[in-house]
Amino acid sequence: MRYSIMLQIVATITITFLGTAALFAWLQYRPGSEQKNTNNSNENITLLSHNLVEKS
């Protein structure tokens with residue numbers, strides 16, 4: 069009976085650690101908002117430069 073309880077505790081802890089590791093790996097490798105903001109700012113700069121050239 070004690071072996072069964074110990075096995076359940078170890079399995080629960082192992083699954084918790086694996087789930088946490090998967091969550092942090094997903095958070096680390098997902099595309100962040102920095103890339104989107106950088107792309108948007110580059111597009112805005114390009115549009116502004118084209119507008120300035122057309123006006124002059």
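Taking the numbering used here, the leading residue of the sequence shown gets 69, the next gets one more, and so forth. Every residue gets a Cβ at the ideal spot worked out from N, C-alpha and C, and that includes glycine. Model, not experiment: these values are computed from the prediction.
Between residue 70 and residue 86, the alpha-carbon positions lie close to 24 Å from each other. For residue 69, the three-state secondary structure derived from DSSP is coil. The straight-line gap separating the alpha-carbon atoms of residue 114 and residue 91 is approximately 37 Å. In the three-state scheme derived from DSSP, where H, G and I count as helix and E and B as strand, residue 87 is classed as helix.
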